[in-house]
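Engineer: Before I ask anything, let me first share the structure, which is written out below as structure tokens.
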Amino acid sequence: QMHCWFLSCMVVYWFFFKPLSHVLKNITLLKTCLLMGFFFFLPWLLIFIPVIANEDVDWYKNHEFYATDTFLDIGVVMLKFHPICYFHVFILGMLLAKLRQLLDKKAALNFHGCFSWRNPYNVALQFVAPMGYLALFLVFSVQEFQARAWGYKLSARISVLLPFQAMILFGLAGLPSLPLPMFSYAFSKMDFLENYSYCVYVFQFLCYAVWPQTGLVNLALFLVWTYASAFLIARCIQQPIQKWWASHPKGRLVVPFVLGAALVGFSF
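Just so you know, we're using this note's numbering here: the sequence shown kicks off at 4 and counts up by one.
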């Protein structure tokens with residue numbers, strides 16, 4: 004149900020996108036940075052509050068998956084799945100777009116020109132995404148940077164690592180008036196993988212479930228297996244359906260009702 008949950012959250016965010024866009028339309032660079040700092044800090048409350056209260060950081064460790072018997076269970080489920088608990092990520096994405104827009108104006112006005120290495124924005128952008136990737140690599144690879152330094156599973160899910168993820172997104176996007184950073188340009192050569200990314204997202208857990216040795220995975224072989232599966236599914240199922248979907252604008256209106264009836268029927 005993970006993918007259904009994700010899509011249901013997206014519906015909420017799509018609903019609020021237009022009013023939030025109106026609110027953030029004329030926000031200044033300073034306010035943008037301050038709001039981003041606030042939303043970067045917000046997930047850390049999940050770590051700081053238990054520490055201040057002299058409680059265990061992993062206070063939710065007694066929760067069992069699917070359990071909803073106690074207030075603890077309900078609280079953990081809400082933190083894991085309720086759209087409001089990820090709203091800060093959604094707003095931060097909008098603030099990143101605003102930051103990109105505001106910095107682009109400043110970069111374009113620099114007297115060295117947009118394509119000169121003397122333009123400090125050109126130089127700085129070369130390091131944003133690589134530093135974000137490096138930070139995440141250290142967090143997940145160096146023993147001293149793991150769980151106790153950066154929070155446990157739930158806090159990571161609520162996005163305590165959001166600053167580094169934002170660095171990667173912003174660094175790969177670059178600024179519209181400037182040339183792509185070299186790191187982004189290198190990654191852009193793999194844009195063809197976007198045709199199969201949704202299949203990877205949907206079927207990665209199924210690929211893991213049928214892997215011969217669950218719990219002991221050769222990463223390189225698993226990536227080959229997952230992308231090969233995604234390639235076949237995308238070519239044989241996803242893309243033909245997308246083509247049909249695009250060519251039948253009236254017929255596709257019936258699809259949600261048919262699927263809804265089918266889901267209700269199969270639930271009995």
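Glycine included, every Cβ here is placed at the ideal spot set by N, Cα and C. Please read all numbers here as calculations on a predicted model, not as lab measurements.
Candidates Pro133, Val145, Phe190, Asn198: which alpha carbon is nearest Phe167's?
Structural biologist: Position 164 of the sequence shown holds residue 167. For Phe167, the nearest C-alpha among the options comes from Pro133.
Engineer: Flag this pair as touching only if the segment 247-262 and the segment 205-220 have three or more C-beta atom pairs under 8 Å; answer yes or no.
Structural biologist: Because the criterion of three Cβ pairs below 8 Å is not met, the segment 247-262 and the segment 205-220 do not touch.
Engineer: With a cut-off of 8 Å on the beta carbons, I'd call Tyr136 and Leu178 a contact; round off their distance for me.
Structural biologist: Reading the sequence shown from its first residue, position 133 is the one you call residue 136. Reading the sequence shown from its first residue, position 175 is the one you call residue 178. Not confirmed; about 19 Å, so no contact.
Engineer: Which residue comes first and which comes last in the alpha helix (DSSP H) that contains Arg121?
Structural biologist: Mapped onto the sequence shown, residue 121 falls at position 118. Unbroken run through Arg121: none, as it is neither H nor E.
Engineer: Should His91 and Val79 be called a contact, given that it needs their Cβ atoms to be closer than 8 Å?
Structural biologist: The residue labelled residue 91 in the question sits at position 88 within the sequence shown. The residue labelled residue 79 in the question sits at position 76 within the sequence shown. Against a cut-off of 8 Å, the Cβ pair of Val79 and His91 comes out as no contact.
Engineer: Tell me where the alpha helix (DSSP H) around Asn198 begins and ends.
Structural biologist: Mapped onto the sequence shown, residue 198 falls at position 195. 197-212 is the extent of the alpha helix (DSSP H) around Asn198.
Engineer: With 16 other CB atoms within 10 Å as the buried threshold, where does Lys101 fall?
Structural biologist: For the purposes of this step, residue 101 is identified with residue 98 of the sequence shown, where counting begins at 1. Buried is the call here.
Engineer: Look at the alpha carbon of Trp228 and the alpha carbon of Tyr199, and state the distance between them as a whole number of angstroms.
Structural biologist: Against the sequence shown, residue 228 aligns to sequence position 225. Against the sequence shown, residue 199 aligns to sequence position 196. Taking the straight line joining both Cα atoms gives about 13 Å.
Engineer: Helix, strand or coil for Ser3? Go by DSSP, reduced to three states.
Structural biologist: Nothing about residue 3 can be read from this structure; the chain reaches only from 4 to 271.
Engineer: Have a look at Phe20 and Cys12 and give me their C-alpha separation to the nearest angstrom.
Structural biologist: What you label residue 20 is simply residue 17 of the sequence shown in a count that begins at 1. What you label residue 12 is simply residue 9 of the sequence shown in a count that begins at 1. Computed Cα separation, rounded: 12 Å.
Engineer: What would DSSP say about Lys108, mapped onto helix, strand or coil?
Structural biologist: The residue you call residue 108 lines up with position 105 of the sequence shown. In this structure, Lys108 counts as helix in the three-state DSSP scheme.
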